[in-house]
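One structure below.
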Amino acid sequence: MEPSPRTATSNPPVAASATAANLTERDLVRRSASTVPPPARQLEPVAKLIDVSKCIGCKACQSACVEWNDTKPALETNTGIYENPHDLTPDMFTLMRFSEWENPQTGNLEWLIRKDGCMHCEDPGCLKACPAPGAIVQYSNGIVDFIHENCIGCGYCIKGCPFNIPRISKVDHTAYKCTLCSDRVAVGQGPACAKACPTHAITFGTKEDMKKLADSRIEDLKSRGFENAGLYDPPGVGGTHVMYVLHHNDKPAIYSGLPEDPKVSPVVNAWKGMAKYVGFAAMGLAAAAGMLHSAFAGPNRVTREDEEKAEDLVKEKI
Amino acid sequence: MTNSWTDIRNTDLVVIMGGNAAEAHPCGFKWVTEAKANRGAKLIVVDPRFTRSASVADFYAPIRQGTDIAFLLGVINYCIQNDKIQWDYVKAFTNASYVVREGFAYKDGLFTGYDENKRDYDRSSWEYEIAPDGFAVVDETLQNPRCVWNLLKAHVATYTPEMVERICGTPKDKFLKVAEMIAECSSPTKTMTSMYALGWTQHSKGSQNIRAMAMLQLILGNIGVRGGGMNALRGHSNIQGLTDIGLMSNLIPGYLNIPVEREADFTTYMSSRTFKPLRPNQTSYWQNYRKFFVSFQKSMWGDAATPQNDFAYDYLPKLDVPSYDVLRYFEMMHQGRVTGYFCQGFNPLLAFPNRQKITESLSKLKWLVTMDPLETETSRFWENHGEYNNVDPASIQTEVIQLPSTCFAEDEGALVNSGRWLQWHWAGGSPPGEAKHDTWIMAQIHLRLRALYEKEGGAFPDPILNLTWNYHDRNEPTPEELAKELNGYAVETLYDPADPAKIVLEKGKQVVNFSVLRDDGTTACGCWIYSGCFNEAGNNMARRDNTDPDETGAYPNWSFSWPLNRRILYNRASADLQGNPWDPSRKLIAWDGTKWSGYDVPDIAPNAPPDVVGPFIMNQEGVSRLFARGLMREGPFPVHYEPFEAPIANVVAPNIRGNPVARIFQGDVAQFATSEEFPYAATSYRLTEHFHYWTKHNVVNATLQPEFFVEISEQLAAEKGIAHGSWVRVWSKRGEVKAKAVVTKRIKPLICDGKPVHVVGIPLHWGFTGKARKGWGPNSLTPFVGDANIETPEYKAFLVNIEPTTAPATV
Numbered sequence: 026m027e028p029s030p031r032t033a034t035s036n037p038p039v040a041a042s043a044t045a046a047n048l049t050e051r052d053l054v055r056r057s058a059s060t061v062p063p064p065a066r067q068l069e070p071v072a073k074l075i076d077v078s079k080c081i082g083c084k085a086c087q088s089a090c091v092e093w094n095d096t097k098p099a100l101e102t103n104t105g106i107y108e109n110p111h112d113l114t115p116d117m118f119t120l121m122r123f124s125e126w127e128n129p130q131t132g133n134l135e136w137l138i139r140k141d142g143c144m145h146c147e148d149p150g151c152l153k154a155c156p157a158p159g160a161i162v163q164y165s166n167g168i169v170d171f172i173h174e175n176c177i178g179c180g181y182c183i184k185g186c187p188f189n190i191p192r193i194s195k196v197d198h199t200a201y202k203c204t205l206c207s208d209r210v211a212v213g214q215g216p217a218c219a220k221a222c223p224t225h226a227i228t229f230g231t232k233e234d235m236k237k238l239a240d241s242r243i244e245d246l247k248s249r250g251f252e253n254a255g256l257y258d259p260p261g262v263g264g265t266h267v268m269y270v271l272h273h274n275d276k277p278a279i280y281s282g283l284p285e286d287p288k289v290s291p292v293v294n295a296w297k298g299m300a301k302y303v304g305f306a307a308m309g310l311a312a313a314a315g316m317l318h319s320a321f322a323g324p325n326r327v328t329r330e331d332e333e334k335a336e337d338l339v340k341e342k343i
Numbered sequence: 181m182t183n184s185w186t187d188i189r190n191t192d193l194v195v196i197m198g199g200n201a202a203e204a205h206p207c208g209f210k211w212v213t214e215a216k217a218n219r220g221a222k223l224i225v226v227d228p229r230f231t232r233s234a235s236v237a238d239f240y241a242p243i244r245q246g247t248d249i250a251f252l253l254g255v256i257n258y259c260i261q262n263d264k265i266q267w268d269y270v271k272a273f274t275n276a277s278y279v280v281r282e283g284f285a286y287k288d289g290l291f292t293g294y295d296e297n298k299r300d301y302d303r304s305s306w307e308y309e310i311a312p313d314g315f316a317v318v319d320e321t322l323q324n325p326r327c328v329w330n331l332l333k334a335h336v337a338t339y340t341p342e343m344v345e346r347i348c349g350t351p352k353d354k355f356l357k358v359a360e361m362i363a364e365c366s367s368p369t370k371t372m373t374s375m376y377a378l379g380w381t382q383h384s385k386g387s388q389n390i391r392a393m394a395m396l397q398l399i400l401g402n403i404g405v406r407g408g409g410m411n412a413l414r415g416h417s418n419i420q421g422l423t424d425i426g427l428m429s430n431l432i433p434g435y436l437n438i439p440v441e442r443e444a445d446f447t448t449y450m451s452s453r454t455f456k457p458l459r460p461n462q463t464s465y466w467q468n469y470r471k472f473f474v475s476f477q478k479s480m481w482g483d484a485a486t487p488q489n490d491f492a493y494d495y496l497p498k499l500d501v502p503s504y505d506v507l508r509y510f511e512m513m514h515q516g517r518v519t520g521y522f523c524q525g526f527n528p529l530l531a532f533p534n535r536q537k538i539t540e541s542l543s544k545l546k547w548l549v550t551m552d553p554l555e556t557e558t559s560r561f562w563e564n565h566g567e568y569n570n571v572d573p574a575s576i577q578t579e580v581i582q583l584p585s586t587c588f589a590e591d592e593g594a595l596v597n598s599g600r601w602l603q604w605h606w607a608g609g610s611p612p613g614e615a616k617h618d619t620w621i622m623a624q625i626h627l628r629l630r631a632l633y634e635k636e637g638g639a640f641p642d643p644i645l646n647l648t649w650n651y652h653d654r655n656e657p658t659p660e661e662l663a664k665e666l667n668g669y670a671v672e673t674l675y676d677p678a679d680p681a682k683i684v685l686e687k688g689k690q691v692v693n694f695s696v697l698r699d700d701g702t703t704a705c706g707c708w709i710y711s712g713c714f715n716e717a718g719n720n721m722a723r724r725d726n727t728d729p730d731e732t733g734a735y736p737n738w739s740f741s742w743p744l745n746r747r748i749l750y751n752r753a754s755a756d757l758q759g760n761p762w763d764p765s766r767k768l769i770a771w772d773g774t775k776w777s778g779y780d781v782p783d784i785a786p787n788a789p790p791d792v793v794g795p796f797i798m799n800q801e802g803v804s805r806l807f808a809r810g811l812m813r814e815g816p817f818p819v820h821y822e823p824f825e826a827p828i829a830n831v832v833a834p835n836i837r838g839n840p841v842a843r844i845f846q847g848d849v850a851q852f853a854t855s856e857e858f859p860y861a862a863t864s865y866r867l868t869e870h871f872h873y874w875t876k877h878n879v880v881n882a883t884l885q886p887e888f889f890v891e892i893s894e895q896l897a898a899e900k901g902i903a904h905g906s907w908v909r910v911w912s913k914r915g916e917v918k919a920k921a922v923v924t925k926r927i928k929p930l931i932c933d934g935k936p937v938h939v940v941g942i943p944l945h946w947g948f949t950g951k952a953r954k955g956w957g958p959n960s961l962t963p964f965v966g967d968a969n970i971e972t973p974e975y976k977a978f979l980v981n982i983e984p985t986t987a988p989a990t991v
C-alpha cells in the first residue's frame with residue numbers, strides 16, 4: 026500500500042519537502058456517471074478527526090478554509106446565533122454549528138459546537154447521485170472531490186448527500202463543498218483547517234492513526250463521566266473520512282442535527298443501479314441537456330417535479 | 181505570568197476565572213487541552229456567562245460579575261476550615277507568622293486609617309511589629325492573635341458558603357464543588373494554575389481580585405512550581421512589553437518609578453528605596469535598585485549623566501500627582517486643560533469609558549495626532565456617522581493629523597508574550613502606501629523637536645539635546661540597535677572589584693545580564709529586566725531551539741524569558757526547606773548541598789542555603805505576603821466591595837458604595853446609576869472571532885462575526901418581550917446602543933441577596949469604521965471609574981436597562 030501523507034497533528038507538514046502531487050487520475054476509485062479502471066495503486070486511507078470535546082468554537086478552521094480556498098463568503102447580519110455565515114454556502118465549505126443542550130441527566134448546560142462540512146463518505150451518496158460524468162470523483166485514499174469543469178449544477182449531489190453538504194454557486198452554477206484540501210494533501214500537507222486549529226481538535230492522518238487517537242480521547246472522556254463517548258464513523262455510508270469524537274455518541278442529533286444513521290438514499294442507490302445497465306447513453310444526453318440548460322437558464326434546481334420523475338423512472342426500472 | 185504558556189500543560193487543575201481563555205486566548209488555550217489530554221487535568225470555569233471556555237470545562241459555576249473577591253475569600257475560608265493548607269509552604273514561605281503591629285483593625289468594610297474626605301487611607305498601621313534589632317517580629321507557632329495567619333483566618337470567616345451564595349449568586353452546592361476541587365491542590369504533589377485576564381482587572385478593585393487568588397495559591401503552595409502560578413493572560417501581543425518598558429506615566433523601564441515632586445533630588449529619591457531586609461540573612465534584591473536606575477540614566481543621557489549631576493536626575497519629570505493615567509488625562513482634557521494629544525496604537529473613542537465624555541474631551545483639543553495602521557474611530561471622532569457617531573463636525577475645531585504606521589507583520593523586533601518571553605520576529609511584508617514604522621515617526625518627531633530646541637533654546641533644553649541618539653541612521657533607529665540599548669553595555673572597561681587587575685568586560689561590550697550592572701555610571705542599561713536579551717552571545721530573543729529536556733515545558737533555548745531567561749518566577753519555592761522538590765515528578769531546581777541547579781535558572785543566589793534564604797527575594801521579608809502591608813491602597817487584605825453600579829447593596833458593608841479608594845472624579849459621580857433606575861447587571865467582553873477593534877477591518881473576521889449584538893437570558897427576553905435576533909436598545913446613565921439580541925441559555929438569572937439579577941452581556945468589537953457592520957462598543961455605556969491601584973476602568977460590571985427597538989437609521 027502506498028503511504029499517504031501523515032500529519033497527525035497540525036503543523037508543520039511531515040513531508041520535509043513538497044512531494045509530487047499524488048492524487049492523479051490513476052488514483053481514482055470512483056468517478057460519477059462513469060466507470061474507472063481499478064487504480065494502479067492503493068493509497069493508504071486518510072481521515073480528518075474532529076474532536077468535538079476539544080473544540081472551542083473559535084472558527085479558525087472557517088477562517089483558514091476561506092483563506093486557503095480564496096472564497097468570499099458574504100457579510101451577513103446577526104440573527105441571534107453564533108453561526109456565521111448562517112449556513113454552508115458555495116463560499117463557506119465548513120461551518121461551526123453551536124447548540125445549547127441541557128443534559129437531562131446532570132441538569133447542566135452543554136454548549137455543543139460541531140464543525141460541519143463534507144464527511145467524505147466511503148460510500149458517497151453525492152457521487153452516486155451525480156449524473157455528470159467525472160463531476161465527482163473519489164480517490165483511493167478516500168477523498169471525495171468535485172471537479173467543477175464537469176459539473177452541470179443540477180443539484181443531485183445535494184439530494185444524494187445524507188449530510189446536506191454541497192451548495193450550488195450562483196456565480197458559476199456548479200456545486201461546492203470541502204475538498205479535504207485534496208490539493209494540499211496531494212503534496213504532503215494536512216488540510217488548512219487542521220493546520221489552523223489551536224487546540225488540535227482537528228487532526229489529520231491515516232484513518233488507522235485517527236481511529237487510534239480517537240480511542241485514547243474516548244477513554245479520557247469516559248474517565249470524565251461521558252459514558253457514551255464514542256467515535257462517529259457511520260457504517261451506513263461505509264464509514265467516513267471525516268470522523269467525530271462525540272461526548273454523547275448515543276445522541277448525534279443533539280450536535281446540530283448530525284444524522285443518527287446516515288445512509289445513501291435507496292432512490293440514489295437504485296438510480297445508480299439502473300444507470301449501470303442502461304443509463305449511460307441516457308445519462309450522457311441528460312448531462313448534455315443539463316449543460317445547455319445550465320448555460321442558458323442558470324443552474325438547475327432539483328424541483329419536486331424532477332424528483333418525482335426520477336423516482337418514477339427508478340420505479341419503472343425496478 | 182509567573183509561569184509560562186507552555187508550563188500550563190504541567191498542571192492538575194486549571195481555574196479560569198476573571199477571563200475566558202478559550203475565547204480570548206485560543207492559541208494559548210492549547211496548553212490547557214494538552215494538560216487535560218495528557219495529564220487528566222481538570223478545568224473549572226467560573227463566569228457570569230457559560231463561555232466558550234466553559235464549553236470544554238469539567239465544571240462550570242456561575243458568578244455575578246464584580247463579586248470575585250467574596251468567592252475567592254470563601255474558598256480560602258473553606259481551605260482553612262477544612263485544613264486544606266500546604267502547611268510547610270505556608271509556614272516557611274509566606275508571612276503567615278509575622279506579627280502585625282498593635283492598632284491595626286478591620287471593621288464594617290474598612291481598615292484602620294480611612295479618611296472619607298480624601299477617599300484614602302493613612303496606611304501606617306498596616307505594618308509588622310518591628311523589634312529593636314530592626315527586624316519584623318514573627319511567631320512561628322502561629323499562636324499570636326495578631327500574627328498574619330490569625331488575622332487572615334478572622335478576616336475570611338465572614339465568607340461562608342452561604343454568604344458566597346448570597347453575594348455571588350453561585351448556588352452553594354456549585355461553590356462547594358469548586359472549593360473542594362481547588363482544596364485538593366493543597367497537596368504538595370497537586371498543582372493548580374490560575375488563568376485570568378481583563379475579567380479581573382477591569383473592576384474598581386481589580387488588583388485585589390488578583391491578590392485574592394494569589395493568596396489562595398500561596399496557601400495551597402502553588403506559587404513557584406510547575407503547573408502552578410498566577411497567570412495573567414495579556415490581551416495584546418505586546419502589552420506585557422508595554423508595562424515592562426514602563427509606558428505608564430509613573431514608571432520608567434523595568435518597573436522603576438518616575439520620581440514624585442517631593443523627591444526633588446536623587447538622595448531623597450533613593451532614601452525610600454533602600455529595601456533593607458526585614459528578617460536576618462535574607463536577600464532583598466531591590467537593594468540593587470540604584471544600579472538599575474543609574475544604568476538607565478546612562479543609557480538615556482550617556483556622558484551628560486555624571487556622578488556630579490546625580491546622573492542627570494533633574495532631567496526626569498517629577499510627578500505632581502500619583503499618575504497621569506488615561507482616566508485622569510481625559511478628565512483634564514474634558515476640563516479643557518490639554519492642548520494636544522498623541523494617540524499611538526490606541527483607539528480611545530471606543531476603548532475608554534463613557535464615550536460621550538471621550539467625544540467631548542477630544543473635541544476640546546487643539547490638535548490630535550493618531551499613529552495607527554488602521555482607520556480608527558478616534559481618528560474620525562469628528563465625523564458624523566448617523567446614530568453610530570452623532571456629532572456635528574462643524575462644531576469640532578480639533579485638528580486631526582493621521583500618521584499611518586505599520587502593523588506587527590510589517591516590522592521587526594521582539595514581542596513579549598504573557599509568559600515574559602521576548603520573541604523576536606521578522607517583517608513579513610513591506611509597509612503599504614505612506615505607512616512608516618513607529619520608530620521612524622518617533623525619530624522624526626524627536627529630531628524636529630531637537631532642531632527647534634537648538635535653534636530657539638527654551639526653558640530646559642538639556643534632556644532633549646543631551647538624549648543619546650547615536651544610531652547608524654538618525655532618522656530610523658533599527659530594532660536591533662534599540663534592543664542592544666535595552667540589554668545594556670559597558671560604558672567604561674569594567675574590572676573585578678575583588679581583583680582590580682582582572683577585566684570583567686571591555687568598554688563598549690554588551691553586558692551579559694543585569695548582574696554586572698553598576699551604580700557608578702560605568703554601565704548603561706535601558707531596561708534592567710531585559711538585560712541578557714541581546715548580549716555578546718547575540719540576539720537571544722531570536723533563538724528558536726524547541727528542545728525541552730525531560731519535557732518540563734521550559735524550552736530554555738527558545739527565545740529569551742526575562743529575567744535572566746528564567747521560565748518560572750520564584751522557582752526556589754518549588755523545593756522544600758531542605759532544597760528537595762515538593763513533587764519529585766515536577767522538579768524545577770534542587771539543592772545538592774552546595775548549589776541550586778535544575779531545569780530552570782534558579783530564582784535565588786545559586787549558593788544560597790535552602791534553610792536560610794527565603795524564596796521571595798524581591799520582598800524585603802524573603803517570603804511572600806498574605807498580608808500586603810501598605811502596598812495596596814484598599815488595605816492589606818482584599819474585601820468584597822460592590823461595583824459602583826451594583827444590583828444589590830454590599831451585604832458585608834452596607835454603607836459603602838463601590839471601592840472606598842477607587843479612582844473617581846467628582847464630576848462623574850452624578851452619572852453613577854442605582855439599580856432602581858437601571859435594573860440589569862451588564863458586563864463587557866471579547867469574542868474569539870475578533871481582536872479588539874482591529875479585525876473588523878478584515879473581511880474574513882468581519883464575515884465570521886459581522887454585527888454587534890448583546891446576549892440575554894431567555895427569562896429576561898420573555899419579561900421584556902424581546903425576540904431572538906431582534907433589535908434592542910440598551911442604555912445606561914451615560915449613553916445608549918442598539919444591538920441585535922442573542923437570547924441564550926448560556927446566561928441565566930442569578931439570585932443575589934434574595935433578588936433575581938439579570939445579566940446583560942455586551943461584546944466589544946464594533947464601531948463605525950472597517951468592513952464589519954456598523955455598531956457600538958460597550959464604552960458608550962460604561963462608567964468613568966477606575967481601579968484604586970492601577971486605574972483600570974470598570975468595564976466588567978455596570979448597570980443598564982434594555983427594551984425592544986427598531987433598526988438604527990442607516991446613513
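Protein sequence lines correspond, in order, to chains H and D.
Just so we're aligned, residue 26 is where the first sequence starts under my numbering, counting upward by one.
Just so we're aligned, residue 181 is where the second sequence starts under my numbering, counting upward by one.
Every residue, glycine too, gets a C-beta built ideally from N, C-alpha and C.
Here the structure is a predicted model, which is why all the values come from computation and not from measurement.
Item	Value
Which runs of the alpha helix (DSSP H) at least 4 residues long sit entirely within the segment 503-571 of chain D? Give them in chain order.	506-514, 528-531, 535-543
Okay, do the segment 557-577 of chain D and the segment 954-965 of chain D touch, 3+ Cβ pairs below 8 Å being the bar?	yes
In chain order, which beta strand (DSSP E) runs of at least 3 residues are fully inside the segment 103-162 of chain H?	120-127, 134-141
Please say whether V580(D) and W562(D) have beta carbons closer to each other than 8 Å?	yes
Using 8 Å as the threshold, is the segment 161-174 of chain H in touch with the segment 197-207 of chain H, meaning 3 or more CB pairs across them?	yes
Need the endpoints of the beta strand (DSSP E) that Y269(D) sits in, please.	Careful: Y269(D) lies outside any beta strand (DSSP E), inside the alpha helix (DSSP H) at 267-273.
For A861(D), name the three-state secondary structure that DSSP assigns.	strand
Mind checking whether W604(D) and N719(D) have CB atoms under 8 Å apart?	yes
Please name the residue or residues paired with H205(D) in a DSSP beta bridge.	H205(D) pairs with nothing; no bridge assigned.
Between Q462(D) and G802(D), how many whole angstroms is the CB-CB distance? I'm expecting something under 8 Å.	3 Å
F229(H) by DSSP, collapsed to three states: which one?	strand
Say whether chain D places a C-beta atom closer than 8 Å to the C-beta of G142(H).	no
Return yes when the Cβ of E147(H) is within less than 8 Å of the Cβ of G250(H), no when it is not.	no
Using a cut-off of 7 Å between C-beta atoms, extract the partners of Q885(D) located in chain H.	N109
Using a C-beta to C-beta distance shorter than 8 Å, which residues of chain D count as neighbours of A85(H)?	P206
Would you say T486(D) and P528(D) are within 8 Å of each other, going by their C-beta atoms?	no
Measuring CA to CA, which of L271(H), H225(H), W126(H) is closest to C83(H)?	H225(H)
Can you pull out the residues from the segment 241-260 of chain H whose beta carbon lies closer than 9 Å to at least one beta carbon of chain D?	S241, R242, D245, S248, R249, G250
Please confirm whether K210(D) has its beta-carbon closer than 8 Å to some beta-carbon of chain H.	yes
According to DSSP, is A755(D) helix, strand or coil?	strand
Residues of chain H with CB closer than 9 Å to the CB of G220(D), please, in chain order.	D245, S248, R249
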